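Read the structure below first, then the notes.
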Amino acid sequence: MGFITATVPGPGSPNVTAHMRTFFAIAVSGFRRYATYRQATVAAAVTNSMFGFLRSYVLLAVTGAVGVAAGYGSAQLASYVWLGQGLIGVVMFWGWTDLADRVRTGDVVTDLQRPIHPVTSYLAADLGRAGHAVLSRFGVPVALGAIFFGLYTPTRWPTYPLFAISVVLAVVASFACRYVVNAAAFWLLDIRGLQLAWSLVSGVLSGLYFPLRFLPGWATTALWLGTPFPSILQTPIDVAVERDRPVRQVGLVALQLCWAAGMLLLARWVQGRAVHRLVIQGG
Amino acid sequence: MASPYLHLLAAQARSQLSYRASFALDLFGNVVTLGADLLAVLILFRVTPLLGGFTIAEELLIFALAATAFALADLAVGNIERIRLYVRIGLLDALLVRPLGVLPQLLVVDFGLRRAGRVVYAAVLLAGALVYAQVDWTPGRVALAIVAPISGAVLFSAIFVAGATVAFWWIESGELANALTYGGRDFTAYPVNVYSGWFRRVFAFGAGFAFVAYYPALVLLGRPDPLGLPTGLGWASPAVAGVAAAVAAFVWRTGVRQYRSTGS
Amino acid sequence: MSVIEAVGLRKQFTVRVKSGRLRRTRRTVAAVDGVDLTVERGEMLGYIGPNGAGKSTTLKMLTGVLMPSGGSVRVCGYAPVPERTRLARRIGVVFGQRSQLWWDLPLQESFTLLRHIYRVPPADHAARLRECRSLLDLDEFLDTPVRQLSLGQRMRGELTAALLHGPEVLFLDEPTIGLDVVSKQAVRGFLAAQGSRGDTTLVLTTHDLADIERLARRLVVIDHGRVVHDGTLDSLHARYGSRRLVVVDLAEPVPDPAIELPGVTLAAASPDGLRLTYALDGSGVTAGELVARLATTAALRDLAVVEPSIEEVVTRLYAEG
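These protein sequence lines map, in sequence, to chains A, B and C.
Per numbering that gives the first Met the number 0, the first sequence starts with residue 0, numbered consecutively.
Per numbering that gives the first Met the number 0, the second sequence starts with residue 0, numbered consecutively.
Per numbering that gives the first Met the number 0, the third sequence starts with residue 0, numbered consecutively.
Here you go:
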C-alpha cells in the first residue's frame with residue numbers, strides 16, 4: 000500500500016517497519032471493537048439474508064425463460080446478489096459516523112495530535128473492521144445463497160486472488176468516500192442530509208440494487224470512469240462472477256486501484272483543508 | 000371537548016415543525032428514497048419486457064399499491080422502532096402514569112409528520128399507475144383502490160408494532176424488525192409469483208404480504224392469479240389486516256406486561 | 000381510609016449472570032422484599048435508602064408502572080396496575096430525571112395538553128395554574144420551549160404539570176437532584192406549602208438530607224428491599240444513637256480531657272488542646288451537667304451544642320446495611 004506510506008522513506012528502513020506495526024496494531028483494534036457487537040452482527044446478517052432472497056427472486060425473474068440478462072447467466076445473477084449482500088457489511092455503506100461524531104464532540108483534536116496521519120489511522124481501523132466483517136457478515140449470506148440458489152463457481156484460478164485484491168480496494172475506496180462525507184462535519188453543523196444523500200446514491204450507483212450493466216452502455220461506462228461508486232461493489236462482484244474476459248477483469252481492478260488511490264488523496268487533501276481551517280479559525 | 004389524542008397529535012405536529020431545516024431535509028430525503036426504488040423497477044424493465052408474466056404497467060400498479068400502504072404505515076407508526084430509546088429515557092414510564100392507553104399515546108407521540116411527503120408522492124404514483132394500467136373501472140374496483148392501500152397500511156403497521164415490541168425481550172432486535180418491515184415493503188412491491196418455495200409461503204401467506212398489493216392488483220387488473228388461487232382474494236385484504244392487527248395487539252400487550260414485570 | 004396501603008409488597012427481578020464463557024445462569028433478586036406501608040391523607044413521607052435499596056421500584060409499583068410480584072397494594076382505593084388509568088387521575092408523579100413536558104413546545108402548551116389529557120374542567124385548571132405561576136415564578140419562561148429551560152426552571156414546570164389535575168397523592172422521585180441551591184429552595188418551599196395544606200399527600204424519595212429535614216415529617220428507611228425504620232426523624236435519632244455534640248473552647252489546655260461521665264465520650268481534640276468535642280448519646284448526663292463538670296476543671300471561653308445531623312444518622316445507617 001504505497002499510497003498510504005508515501006510520505007515516509009522507502010521500504011526496509013526501520014521507520015517503515017514502525018509505521019507498519021502501528022498500522023497493524025490499529026487494524027487489530029478495529030477488528031476487536033467490532034467483535035464486541037455480537038447481537039448487532041447477527042441481526043445484520045439476518046437482514047442481509049432476507050434482502051438476498053428478495054433480490055435473487057426478482058433478478059432471476061428478470062432473466063425469465065431465456066436465463067440470461069445483460070450478459071449474466073442465472074447462476075451469475077444469484078452470485079451477484081448474494082456476494083453483494085455479503086459485501087454490504089464489508090465495504091460498509093451505511094452507519095459509519097465515527098469521524099463526524101468526533102468532529103462534533105471536539106474529540107477529533109486528539110486524533111490530530113497523534114504522530115500518525117488521521118486518514119491513515121482511520122483507514123487502518125476500517126480495514127480491521129472489514130476483516131471482522133469478512134468473517135462475521137460475508138459468510139452467512141454467501142452460504143445461504145449457495146444452498147438455496149446455487150452460486151457461480153469461477154472457472155479461472157486467477158479470479159480468486161483478483162477478487163481478494165478487489166475487495167480490499169473496494170473497502171479502501173468506500174472508506175475514503177465515507178471519510179470525505181464525514182469530514183464535511185468540519186464545515187457543516189448538520190451532515191445528516193449529506194449522509195442521507197450518500198447512502199442513497201452509493202447504494203444505487205454502486206450496483207447494490209441492480210447490476211449497473213442493466214443501464215444503457217454509455218451510462219455504465221460514465222459511472223465506472225467518472226465516479227468511485229462502481230469500484231465499491233460492482234467491480235469485486237463482476238470479477239468474482241467472471242462477467243468479463245481476463246484482460247477486462249484486470250482492467251476493472253486497475254481502474255478500482257486508481258479510484259481508491261484518488262479518493263484517498265482527496266480524503267487527505269480535505270483533511271488538510273480542515274486542519275488548516277481549525278488552525279486559522281480555532282475551530 | 001375533542002379527544003385528547005387529537006390535541007396530542009396537533010402538539011406533535013407543532014413540535015416537528017419547530018425544526019424547520021431538518022424537517023424540510025427529511026421530507027426531501029423521503030421523496031428521493033422512493034424515487035430510487037422506482038428507478039430500480041424501471042431499470043429492470045429495460046432488460047426484460049415481462050416480470051413474472053406482468054407488464055410494466057401492471058408491475059407499476061403493484062409497486063404503487065405497496066408504496067402507498069407502506070408510506071401510510073410509516074407515517075402513522077414508523078417511529079415506533081424507537082421504543083428502545085423510550086424505555087431508556089423513561090418516556091414509557093411517563094406515559095404509564097397518564098390516564099390514557101399506552102399504545103395510542105405512543106403512536107401519537109411518534110407520529111412522523113416528516114414522512115408525509117412520502118405518502119403524497121406514493122398517492123400521486125398510485126393515481127398515475129391506475130391510469131397507466133387502464134383499469135376497467137367498476138364501483139367495486141373503485142372501492143378496492145381505496146380500501147386496499149389502507150388495509151395494507153394496517154398490515155404494515157401491525158408488523159411495525161409487533162416488531163418493535165420484540166425490543167422488550169431482545170434489546171438489539173432493531174435491525175431484525177427491519178428485515179420484516181423494509182423487507183416486507185420490497186416483497187410486496189413485486190408480483191408474488193416471482194418468489195417460490197417456502198420463502199413465498201412464509202411471507203406471501205404466513206405474513207400476509209400477498210394481500211397488500213398483489214391480490215388487490217389482480218382484482219383491479221381483472222387478471223387471473225398465475226398461482227391458481229381465486230382472484231377474489233384481493234377482497235380479503237381488510238380481513239387479513241384485521242387478523243394481523245389483532246396479533247400485533249396481543250404481542251404488544253404481552254410486551255407491556257413483560258415490561259411492567261421486569262422494568263426493562 | 001388510608002391513601003396508600005401496602006402489605007407484604009414484593010418485587011423480584013430475574014437477572015442473568017454470566018457464568019463461564021457462554022453459559023448464563025438465571026438468578027432471582029428481590030428488589031422489594033416485603034414492604035408494609037400505610038400512609039394517611041395529608042402525610043408527608045420521606046422514603047429513603049441507599050442506591051439500589053428498592054425506592055424507585057416501590058414508587059413504580061405504587062404508581063402502576065410496575066406489577067408487584069407479591070403482596071397487596073391499594074392507592075386511593077385502586078389496585079395500581081389493573082386500574083392504572085383511574086388511578087392516574089388521582090395521583091401526580093414527578094420523576095426527577097424524566098420529563099412529563101413536551102420538549103419542543105413552549106411550557107404553556109404542555110399545561111394545556113395536560114388539561115386535555117386529564118380532562119380537567121377549565122376553571123379548576125386555570126385556578127391551579129394561577130397558583131403555581133405565582134408560587135413558582137413561572138411567568139418569565141411560560142412561552143419558552145421546554146428544551147431551552149434550565150434544569151431548575153424545568154423542574155418547576157414538572158411540579159406544576161403534576162399538580163394541574165389536583166392529585167390526592169404526589170409522588171416525587173428525587174425532585175431536587177441536580178438543581179442549583181436557589182432552585183432547591185424554591186422547590187422545597189413550594190412542596191412544604193403544598194404539604195402544609197393537609198389535603199395532598201406527599202411521598203418523596205431523595206438523597207438530599209435537606210429535603211428530608213424540610214419536607215418529611217415521617218421517614219421510612221428502606222434497605223435491601225425491607226423497611227428498616229418507620230417513624231419520625233426524632234425516633235430515628237433515638238434508635239440509631241444519634242449523638243449531640245458539645246464543643247468547648249478552653250483558655251488553656253487541661254492535662255486529661257477525657258471525662259468519666261455516663262454517656263459521654265471525647266469525640267475530638269484540637270492539636271493545641273484548646274478545643275474539645277464531647278459526644279452525648281442521650282443515655283447518661285445532659286449537656287448542662289457535662290458543662291457544669293467541665294467548668295470545675297478548666298476555664299471555659301466558649302461553648303456550643305451541636306444538634307445531631309440526619310446526615311450522620313443516615314450515613315451510619317447505610318454503613319451498617
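From the three backbone atoms N, C-alpha and C, an ideal C-beta is built for every residue, glycine too.
Being a predicted model, the structure only gives us computed values, none of them experimental.
Residue(s) in a DSSP beta bridge with residue i
i: B/Leu50; result: B/Phe53
i: A/Met19; result: In DSSP, A/Met19 forms no bridge with anything.
i: C/Lys10; result: C/Val31
i: A/Tyr71; result: A/Ala68
Distance, residue j Cα to residue i Cα
i: A/Tyr71; j: A/Phe148; result: 15 Å
i: B/Pro3; j: C/Leu134; result: 28 Å
i: A/Val179; j: A/Ser173; result: 10 Å
i: C/Ser109; j: C/Leu137; result: 13 Å
i: A/Ala5; j: A/Asp97; result: Confidence at A/Ala5 is low in this model, with a pLDDT of 40, below 50, so its placement is unreliable and no value can be given for it.
i: A/Ile3; j: A/Arg37; result: Confidence at A/Ile3 is low in this model, with a pLDDT of 39, below 50, so the placement of that residue should be treated as unreliable; the coordinate-derived value is given next. When rounded, the distance between both Cα atoms is 31 Å.
i: A/Gly9; j: A/His18; result: Note that A/Gly9 scores a pLDDT of 44, beneath 50, so its modelled location is shaky; the value from the coordinates is reported in the next line. Each residue's Cα considered, the two are about 12 Å apart.
i: C/Gly177; j: B/Arg13; result: 30 Å
i: B/Leu8; j: B/Asn78; result: 14 Å
i: A/Val65; j: B/Arg114; result: 41 Å
i: C/Ser71; j: C/Glu4; result: 8 Å
i: A/Val203; j: A/Ala218; result: 13 Å
i: B/Ser260; j: C/Leu162; result: 28 Å
i: C/Leu112; j: B/Val76; result: 21 Å
i: A/Tyr33; j: A/His131; result: 7 Å
i: B/Val134; j: B/Val193; result: 23 Å
i: A/Arg136; j: A/Gly29; result: 15 Å
i: C/Met0; j: C/Asp142; result: 41 Å
i: C/Gly230; j: C/Gln193; result: 21 Å
Start and end residues, beta strand (DSSP E) containing residue i
i: B/Tyr4; result: It is not in any beta strand (DSSP E) - B/Tyr4 instead sits in the alpha helix (DSSP H) that spans Pro3 to Leu16.
i: C/Leu94; result: It is Phe, not Leu, that sits at residue 94 of chain C in the sequence shown. Taken as a continuous stretch (DSSP letters only), the beta strand (DSSP E) holding C/Phe94 covers Ile90 to Phe94.
i: C/Arg26; result: Arg23 to Val38
i: A/Gly63; result: Neither: A/Gly63 is in no beta strand (DSSP E) and is coded neither H nor E.
i: C/Met43; result: Met43 to Ile47
i: C/Leu218; result: Arg217 to Asp222
C-beta contact flag for residue i and residue j at 9 Å
i: C/Leu273; j: C/Ala250; result: yes
i: C/Leu201; j: C/Leu190; result: yes
i: B/Gly182; j: A/Thr46; result: yes
i: C/Leu61; j: C/Phe170; result: yes
i: B/Phe210; j: B/Gly233; result: yes
i: A/Leu277; j: A/Phe185; result: yes
i: A/Leu256; j: A/Leu168; result: yes
i: B/Gly151; j: B/Ala72; result: yes
i: C/Pro166; j: C/Arg85; result: no
i: C/Ser98; j: C/Val64; result: no
i: B/Pro237; j: B/Val130; result: no
i: B/Leu219; j: B/Leu60; result: yes
i: A/Val170; j: A/Ala266; result: no
Within-9 Å CB hit, residue i to chain B
i: A/Gly271; result: no
i: A/Thr46; result: yes
i: C/Asp233; result: no
i: A/Phe185; result: no
i: A/Val57; result: yes
i: C/Phe12; result: yes
i: A/Gly63; result: yes
i: A/Arg136; result: no
Closer than 9 Å to chain C by CB, residue i
i: B/Asp73; result: no
i: B/Ala247; result: no
i: B/Gln15; result: yes
i: B/Thr137; result: no
Span of the alpha helix (DSSP H) around residue i
i: C/Asp123; result: Pro121 to Leu135
i: C/Gly194; result: Val180 to Ser195
i: B/Tyr131; result: Ala115 to Tyr131
i: C/Ser344; result: Nothing can be reported for residue 344 of chain C: it is not among the residues displayed for chain C, which extend from 0 to 320.
i: C/His115; result: Leu106 to Tyr117
Any C-beta of chain A under 9 Å from that of residue i
i: B/Gly151; result: no
i: B/Ile42; result: yes
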